[in-house]
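First the structure, in the form of structure tokens, and then the observations on it.
Protein chains in written order, with this note's numbering: chain A, 12 to 424; chain B, 12 to 424.
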């Protein structure tokens, strides 16, 4: 029995020195001492006037106070500032939590000379403790003074909690001779099972895009990326993802779903994919990156139902940790996924390119050695062919290791 | 950070020397060497002629070969023998698995002088490996020769897999001067989230009860016991629960849902509760016994949805392991349970008698010290009051520890 060490995070995620600035978008990050001393924990992002924003939030009914306040402030018009703290989620904090989130917006607005409704607040960290407003108030002037186009790298660190590496990605597009840049950062390692939303992620482009198209672009990108990952099945109270379009590129404004729009959408989706994968690579205690694909289902829902049942099974996840080709556990998970009238004779299951189950039973040519060879890999695809339709889906997940238990048993101590 | 050791199993479960024989029901147990040498792994149970049986099985679509064969054989009339092996689940074994299960029934029938359809097969153990029929064939004569009324204690050991203690319970009733006995045994420690069925459990009474009433009695008992426990959310491929009524008591036959029937039902339900609780006490790596109660919901479904979301949350389970009153994770689980239009202002949450959340936010009088005091206990009730209806439910579960990962990562090695 060889247990594995933490997988290497995607190497290019480790440094982020190549994150491209986005004209019209500046970031300032400070150590405000919200929970720990000498840790970057407060980030201000400034959107140039005229920027448009799209956002999606957690569907958790116990959403955090900053999520409620951010949704309200979005009703008043396009935001000018995003305010992010780590160390405290300001969730489960009731009426006082709402006041605290609003107060932080007021403090930033006073320092920046705008309305408090121009500020969207975001918090991540421990749930159920009062937000320490004082250190945030004290840290804001330095964060504002430090606003810079090149602030992405520090900001990527300033939003982390149990993450072990910062996460960011950039794309530069040449569209008809005009340069468009898209850059994004994200955090997340546990309590990861975004639901119609995402973990904290902030993406900016200097393209000019109208509101409806921008929101559609974000929702498409999130659907295939952040909404297709799970570490532990636990949907956070604080998930949020914001896409900002500053309009500072000299590319003509995008006002229709044309070819230029598609190219920007693809860049945004590519960044979301990269950030979502980075979250799984950095999953709490993760030693493997696992793609769970489900093919030939009748509907998206049933494909996802099978995929998530596999991805959340503690037995499948511990077998992955042990590099044990115990495919019976995968079969048991498919069988309990609740798919009506599933005909087992139509079901095939593959580990990477190795067919382990054909027509519902162990494949005649399957050998334990072949299965072992796949399970020894760092990245594995579990592919289930349902054989009853034309729809396919895939989610990304990781294994369940001693370290997941350790990290989450020791989180607050 | 004090991590806990494995909880003590319910003391009376450890010995089982007090299991009462049931007239008309005999058990024989041998070491057949199915997977390990010198381990009781093959059990034959003999039902006296005229006995009636009720059974429920796993709802997992990939049900094991013995489950399919047992269901078929039940169509042919009341069974005379139950044949149970541990060490191999005969699941995911396709057509050969069905032949192997049928072959074991034939072998037992030949030795006992009955039809093979009079035998119901049951298997538990590793999924996806061919059932070793030879050692079973070789062990059957000794098992048959050893059949005895007093065989319950050995049989309780002969059906275990990763269990650390055998599980059994007895009740003796005096009904109008007639003595009725009910005894049951069960196995199960992981892959525990029975769905409309149960783990392997065998219960016998000497009362005479007609078929419909017997099945109803079993289904009622299972609904409140085995169908309300979860260790890891993984529904087994092999779950089965059988209730046998031999009719050897001198109590007049029960042919209507009268007072006598209710008393037997209560005894059966009591035994199922005790066995189900014993499974959770022996949950893989479990250090705590946790009752998750949900009250004042609109429906059974929504109460169970909230209860199982809490009971399956790896974050809640690791907090329980760490004795960490991190109630924010409970709140996050309630919030992501998918209850439509949940009004947080109506939600209260209690740890035993301590109110941690009132009207959706942390209770004014809650202190971390009070929460810690509850979390330090071996048995804890997490009680959520939804405040929107009159329905209540409860499930039993355990925590998620290093040892759960260890046991399931090392299972096949």
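We put the CB at the ideal spot given by N, CA and C, even for glycine.
These numbers were taken from a predicted model, which means no experiment stands behind them.
Outcome for residue i when other beta-carbon atoms lying within 10 angstroms are tallied against a minimum of 16
| i | result |
| --- | --- |
| residue 236 of chain A | buried |
| residue 313 of chain B | buried |
| residue 375 of chain B | exposed |
| residue 401 of chain B | exposed |
| residue 96 of chain A | buried |
| residue 47 of chain B | exposed |
| residue 298 of chain B | buried |
| residue 86 of chain A | exposed |
| residue 145 of chain B | exposed |
| residue 320 of chain A | buried |
| residue 136 of chain B | buried |
| residue 132 of chain A | buried |
| residue 98 of chain A | buried |
| residue 222 of chain A | exposed |
| residue 154 of chain B | buried |
| residue 139 of chain B | buried |
| residue 339 of chain A | buried |
| residue 380 of chain B | exposed |
| residue 322 of chain A | buried |
Inter-residue Cα distance where the pair is residue i and residue j
| i | j | result |
| --- | --- | --- |
| residue 70 of chain B | residue 91 of chain B | 25 Å |
| residue 188 of chain B | residue 419 of chain A | 57 Å |
| residue 49 of chain A | residue 282 of chain B | 58 Å |
| residue 94 of chain A | residue 160 of chain A | 16 Å |
| residue 29 of chain A | residue 82 of chain A | 32 Å |
| residue 185 of chain B | residue 273 of chain B | 13 Å |
| residue 45 of chain A | residue 409 of chain B | 34 Å |
| residue 84 of chain B | residue 421 of chain B | 36 Å |
| residue 252 of chain A | residue 67 of chain A | 5 Å |
| residue 310 of chain B | residue 343 of chain B | 21 Å |
| residue 362 of chain B | residue 382 of chain B | 7 Å |
| residue 63 of chain A | residue 266 of chain A | 13 Å |
| residue 289 of chain A | residue 164 of chain A | 15 Å |
| residue 107 of chain A | residue 75 of chain B | 54 Å |
| residue 134 of chain B | residue 72 of chain B | 16 Å |
| residue 33 of chain B | residue 180 of chain B | 12 Å |
| residue 331 of chain B | residue 386 of chain B | 7 Å |
| residue 256 of chain A | residue 141 of chain A | 33 Å |
| residue 406 of chain B | residue 318 of chain B | 7 Å |
| residue 357 of chain B | residue 390 of chain A | 45 Å |
| residue 13 of chain B | residue 333 of chain B | Any reading at residue 13 of chain B needs caution, since the residue's pLDDT is 44, under 50, leaving its predicted position unreliable; the model's value is listed next. If I take the Cα positions, the gap works out to 7 Å. |
| residue 191 of chain B | residue 158 of chain B | 21 Å |
Reduced DSSP secondary structure (H/G/I, E/B, other) of residue i
| i | result |
| --- | --- |
| residue 90 of chain A | coil |
| residue 142 of chain B | coil |
| residue 65 of chain A | strand |
| residue 185 of chain B | strand |
| residue 7 of chain B | Residue 7 of chain B is absent from the model: chain B starts at 12 and stops at 424. |
| residue 283 of chain A | helix |
| residue 12 of chain A | Only weak support exists for where residue 12 of chain A lies, its pLDDT of 37 falling under 50; the value from the coordinates is given anyway. Residue 12 of chain A falls in the coil class under three-state DSSP. |
| residue 353 of chain B | coil |
| residue 333 of chain A | coil |
| residue 132 of chain A | strand |
| residue 222 of chain A | helix |
Sheet register partners of residue i (DSSP bridge)
| i | result |
| --- | --- |
| residue 359 of chain A | A/396 |
| residue 58 of chain B | B/36 |
| residue 80 of chain A | DSSP lists no partner for residue 80 of chain A. |
| residue 407 of chain A | A/240 and A/302 |
| residue 97 of chain A | A/135 |
| residue 366 of chain A | A/361 |
Beta carbons nearer than 7 Å to chain A: which residues of the stretch 60-73 of chain B have them?
71, 72 and 73
Proximal residues, the stretch 361-373 of chain A versus chain B, C-beta separation under 9 Å
367, 368, 370, 371, 372 and 373
Members of the stretch 237-252 of chain B that neighbour chain A once the beta carbon cut-off is set at 8 Å:
Correct list: 243, 244, 245, 246, 247 and 248.
Name, going along the chain, the residues of the stretch 193-213 of chain B whose beta-carbon falls closer than 9 Å to a beta-carbon of chain A.
201, 202, 204 and 206
Using Cβ-Cβ distances below 9 Å, what residues of the stretch 115-139 of chain A are close to chain B?
137, 138 and 139
With 7 Å as the C-beta to C-beta threshold (strictly closer), list the residues of the stretch 294-316 of chain B near chain A in chain order.
none
Output needed in chain order: residues of the stretch 328-343 of chain B with a Cβ under 8 Å from some Cβ in chain A.
329, 330, 332, 333, 335, 337, 338, 339, 340, 342 and 343
Which residues, in order along the stretch 96-110 of chain B, keep a beta-carbon less than 9 Å from a beta-carbon of chain A?
100, 102, 103, 104, 105, 106, 107 and 108
Contacting positions in the stretch 79-94 of chain A - beta carbon closer than 8 Å to chain B
Against chain B - using a Cβ distance shorter than 8 Å - the stretch 79-94 of chain A contributes no residues.
Tell me which residues of the stretch 28-49 of chain A have at least one Cβ-Cβ distance to chain B shorter than 9 Å, keeping chain order.
none
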